[in-house]
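Asker: Structure in structure tokens, see below.
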Amino acid sequence: MSYIMVDIESDGPIPGDFSMICFGAVLVNEELDTTFYGKLKPISGNFNPDALAVSGFSREETMNFDDPETMMLQFEDWIKTHSKGRPIFISDNNGFDWMFICWYFHHFIKRNPFGYSSRRLSDLYCGLEKDTFAQWKHLRKTEHTHHPVDDAKGNAEVLLHMKKEMGLKIGLK
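Using this note's numbering, you'd call the opening residue of the sequence shown number 220 and step up by one each time.
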């Protein structure tokens with residue numbers, strides 16, 4: 220099984236009514252050098268300017284991004300190429316990131332290579348610390364920039380810290 224850390228940026232709170240603008244993924248291994256980055260053309264006329272601003276892109280720029288179906292097929296191929304066994308989706312905020320990735324996979328290509336479940340990094344950390352309010356973001360080495368590959372990489376660094384320093388058994392070789 221392979222853990223794939225994912226982060227997304229969107230122009231609003233929910234898929235369908237709003238659009239996933241870009242996303243990044245990192246195969247969680249010691250090197251963290253296997254990444255994917257996708258920029259997607261909006262699927263809706265709706266957008267929240269404040270939400271879009273987080274991505275650093277203008278609405279005009281996003282209109283020239285890639286076709287969502289093509290991008291999801293490329294991401295599926297990347298997952299199949301780089302994961303061993305069942306790929307496991309994990310993110311900082313899987314309630315948000317998973318919602319978009321799952322919706323886009325099912326809407327555009329009628330399947331999701333991750334299946335029907337995901338993991339949340341924060342919950343794993345809180346469980347190890349036995350503290351539901353435990354803070355973990357200070358463990359990132361890569362700066363949190365809102366570029367989804369940077370953010371996914373920083374979160375993957377935390378997962379590796381949890382494996383090495385805290386004894387989390389996650390099946391990574």
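C-beta atoms are modelled at their ideal positions from N, C-alpha and C, and glycine is treated no differently.
It should be emphasised that the depicted structure is a prediction, and the values quoted were computed from it without experimental measurement.
The beta strand (DSSP E) with residue 346 in it runs from where to where?
Answerer: Residue range 340–348 is occupied by the alpha helix (DSSP H) that includes residue 346, with no beta strand (DSSP E) assigned at that position.
Asker: Rounded to whole angstroms, what is the Cα-Cα separation between residue 349 and residue 313?
Answerer: 20 Å
Asker: So, for residue 290: in the same chain, excluding its five sequence neighbours on each side, which residues have a beta-carbon less than 6 Å away from its beta-carbon?
Answerer: 257, 259
Asker: Going by CA-CA distance only, name the one from 303, 231, 310, 374 that's closest to residue 269.
Answerer: 231
Asker: Taking contact to mean 3 or more Cβ pairs, one atom from each stretch, closer than 8 Å, check whether the segment 343–360 and the segment 314–330 are in contact.
Answerer: no
Asker: Taking the alpha carbon of residue 341 as the point to measure from, which residue in 252, 284, 381 has its own alpha carbon closest?
Answerer: If we check each option's Cα against that of residue 341, 381 comes out closest.
Asker: With H, G and I counted as helix, E and B as strand and the rest as coil, what does DSSP make of residue 226?
Answerer: strand
Asker: Report the start-end ranges of each beta strand (DSSP E) in the segment 279–357 that is 3 residues or longer and not cut off at the edges.
Answerer: The beta strand (DSSP E) runs of length 3 or more contained entirely in the segment 279–357 are, from start to end of the chain, 306–310.
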